[in-house]
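Residue numbers (our numbering): 925 to 1322. Every residue gets a Cβ at the ideal spot worked out from N, C-alpha and C, and that includes glycine. Structure first, then comments.
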Ligand SMILES: Cc1ncc(COP(=O)(O)O)c(C=O)c1O
């Protein structure tokens, strides 16, 4: 049975077309369905709206604490302890203005001009941008699309005397994969051997489909998790992208101090708005049910979309274990990632993200990324249109 929170009527299209930027409804031409940026089409949980309203009605918007609201840090510490992260201290959690900003801050804290971060290929562009904004460079560890494995055997070849960090996206955007416990352990051992920090991005860790089980670096024994700096977000799980809120969990007081310095929160030049922190606290304390219902809704859409995509000529799509992202291989259509994206925009009126260097690295070539966090009606309409356009393309080629 459909859940009323996520049924066909619950997508506020008019508001989205005013407010949803970043390649979405407010930025695409009228009539185009954007399956682009990873941002849900649904209104957020009522409890979050009420909390924001209550706070705003108070009418006081003074400076908050530099290190973030204790209520948010405590709620996050409790959430992470419930995931068996072991000894999470609210004093080592720092809320900032988005997970993206958290990633940039972590890179800035531990990298100097000319240093390097090893990242995976493909992976979300924020990893490369965080490293380069800190004055550093990247080396990419490849992914083998045939076997479905990261080439961790390549890591030793990629490390140099300038390597300071390794960036890990778990669950993985755009592959929709859960990084397995033995992979995490291998990465942690490699990091330990070479004295590297691990930038551990877990913004997708709430969106996991049964029977998938999330493993975290934090489930590894010490000292393997001693250099893991973890970023969490509220955009993917709770639809709060526009509130720009995320948190960093530092492994020790020394690393927390470095992050604090790089964040500029003590001078008030950095930090998250109190309103956003109130929303995030409410999300953690009262909206777990909303995420559970959201994931149940997404699970049905995932199965539907994967089945439909695999029936389209030239498209091969694996079912993601996590995230609401699909990453089909489109090489057999005869078009590359950019060309098929343009073709679909023009002929299907569906916008997708091309698997190119800019968004994900060269390892994304031959793929497109689709976000399916919408209603069944909108998704089916988009898939119908793609199906028609790809059949015409195949006919033209024959
Ligand atoms: C892997 C990953 N990390 C970080 C972010 C950024 O999240 P936020 O909106 O909180 O900055 C995203 C958003 O798409 C993401 O996919």
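Close Cβ partners of residue i (< 7 Å) along its chain, the five nearest in sequence each way excluded
i            : result
residue 955  : 1273
residue 1300 : 932 and 1225
residue 1074 : 1044, 1065, 1067 and 1107
residue 936  : 967
residue 1188 : 1194
DSSP-derived helix/strand/coil call for residue i
i            : result
residue 1074 : strand
residue 945  : coil
residue 1293 : strand
residue 1060 : coil
residue 1274 : strand
residue 1028 : helix
residue 1155 : strand
residue 1089 : strand
residue 1171 : strand
residue 936  : coil
residue 1310 : helix
residue 979  : helix
residue 1236 : coil
residue 925  : Summary for residue 925: the model assigns pLDDT 47, below 50, so the residue's position carries little reliability, and this model does not support an answer.
residue 1259 : coil
residue 1246 : strand
residue 963  : coil
residue 1034 : helix
Counted within 10 angstroms of its Cβ, other Cβ atoms place residue i as buried (16 or more) or exposed
i            : result
residue 1054 : buried
residue 1249 : buried
residue 1315 : exposed
residue 1331 : With the chain represented from 925 up to 1322, any question about residue 1331 goes unanswered, as that position is not in the structure.
residue 1310 : buried
residue 1094 : buried
residue 1125 : buried
residue 959  : buried
residue 1308 : exposed
residue 1280 : buried
Other residues of its chain near residue i: CB distance less than 6 Å, five sequence neighbours each side excluded
i            : result
residue 1206 : 971, 972 and 975
residue 1150 : 1175
residue 1167 : 1200 and 1203
residue 1031 : 1054, 1055 and 1058
8 Å contact criterion, which residue i and residue j should meet: CB distance rounded
i            : j            : result
residue 1252 : residue 1302 : Actually they are not in contact, since the Cβ atoms of residue 1252 and residue 1302 sit about 18 Å apart, beyond 8 Å.
residue 1160 : residue 1024 : No, residue 1160 and residue 1024 are not in contact; Cβ-Cβ is about 12 Å, not under 8 Å.
residue 1022 : residue 1169 : 6 Å
residue 989  : residue 1100 : That pair is no contact at about 37 Å.
Proximity of residue i and residue j at Cβ, strictly below 9 Å
i            : j            : result
residue 1080 : residue 1063 : no
residue 1014 : residue 998  : yes
residue 1004 : residue 1142 : yes
residue 1138 : residue 1164 : no
residue 930  : residue 1210 : no
residue 1153 : residue 1183 : yes
residue 1237 : residue 1256 : yes
residue 1136 : residue 1246 : yes
residue 1042 : residue 994  : no
Nonlocal neighbours in the same chain, by C-beta distance under 8 Å from residue i, ignoring five residues either side
i           : result
residue 925 : The predicted position of residue 925 is uncertain, since its pLDDT is 47 and thus under 50; a value taken from the coordinates is nonetheless stated next. Nothing meets the Cβ criterion.
residue 947 : 958, 960, 961, 1275 and 1277
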